Each structure stands twice: as structure tokens, then as C-alpha cells.
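One structure is given here, and the rest of the page talks about it.
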Amino acid sequence: MARDIVFTSRAALPPPTYSQAVRAAGLVFVSGTAPTDPATGAFKGTTIQEQTRQCLTNIQTILEAAGSSLDKIVSVTVVLADEDDFAGMNEEWLRWFPSNPPARQGAKLPARVPGLRVSIAAIAEA
């Protein structure tokens, strides 16, 4: 099976341990994406809504670089630092996916990263 590494400078630079995304088997697998501003390398936003928005903006950019789009997402994993942020994350989520949302699961961050409230990974049709 062929696989293509997806990279765009318009989204946050990933660490050397993983790719922004991999395209394989007709799908695009977007790595866990933090609310990092690609221009500054810092987390963007302090509220869960702002950080969710930046995560989804980064995912949108990565999917576009892979020849896909948000409307082709089939599954998402949302990882929160604090379960109390769930309602605020959903508030922003509904702005991006007002109907027919993708399948979704959630988890809690296994370690504290100062300033990080959310990370989102996605699988989309290529």
C-alpha cells in the first residue's frame, strides 16, 4: 500500500516524531493537531472555543493540502485537558459541523502541557 506524507507550511510545524498527516488507502489521517498558530508557533487562544477553532483551522489547511476537506471527515478524536471544557468545545464544534457531523470520540490529555486545552485528530476521505 502506498502512503504519502502530507505537509503544508500553512499549518503548524509538527515535531520530528510524526507527520501532519498521511494519505493512504483512500483516506487522510491527520495527526493530533494542537491550536498552534503557524505564524508564531505559539498556542492561539486562551478559551476552549478559541483553541478548538484554531485546531479546526489547522486541520482544514492540512486536509486542503492533501486534496481533501472538512466535509470529507469521517471520524475525529478530541482530546481535552479538562473535561469541564467539553461544553465550550461543543459550542465551537457546532459552528463548524452544524449538521451531519463526523463520528467522534473523546479522551483526556495524558499529560499537562502549559496553555494547551485541546488537541484534535481526524480521518477524512482523500
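According to full-length UniProt numbering, the sequence shown is numbered sequentially starting from 1.
No residue lacks a Cβ here, since even glycine has one placed at the ideal position from N, Cα and C.
Note that the structure is a prediction, hence the values are computed from the model and not measured.
Name the two residues that bound the continuous alpha helix (DSSP H) containing A24. Premise fails: A24 lies in the beta strand (DSSP E), 21–24, not in any alpha helix (DSSP H).
So does the region 103–121 actually touch the region 73–80, counting three or more Cβ pairs closer than 8 Å? yes
Nearest to A21 (by Cα), restricted to the options G67, A111, D71: G67
Along the chain, where does the beta strand (DSSP E) containing L63 start, and where does it finish? Unbroken run through L63 is the alpha helix (DSSP H), 48–65; no beta strand (DSSP E).
Among A65, Q105, A42, T36, nearest to R53 - alpha-carbon criterion: T36
Name the residue from F97, P114, L13 whose alpha carbon lies nearest to the alpha carbon of K72. F97
The region 83–90 contacting the region 40–53, beta-carbon criterion three pairs below 8 Å: Taking one beta carbon from each stretch, the region 83–90 and the region 40–53 have 3 or more pairs nearer than 8 Å; the two touch.
Cβ neighbours of G41 in the same chain (closer than 8 Å, five flanking residues each side left out): A12, L13
Within its chain, find whatever has a CB closer than 6 Å to the CB of N58; leave out the 5 residues flanking it on each side and keep chain order. A11, A12, T33
Entirely within the region 86–125 and at least 4 residues each: give me those alpha helix (DSSP H) ranges in chain order. 86–96
Given R112, which residues of its chain have a CB within under 8 Å of its CB, disregarding the five upstream and five downstream residues? Contacts found: A81.
Applying the 10 Å Cβ sphere with the 16-neighbour rule, what's the burial state of S31? buried
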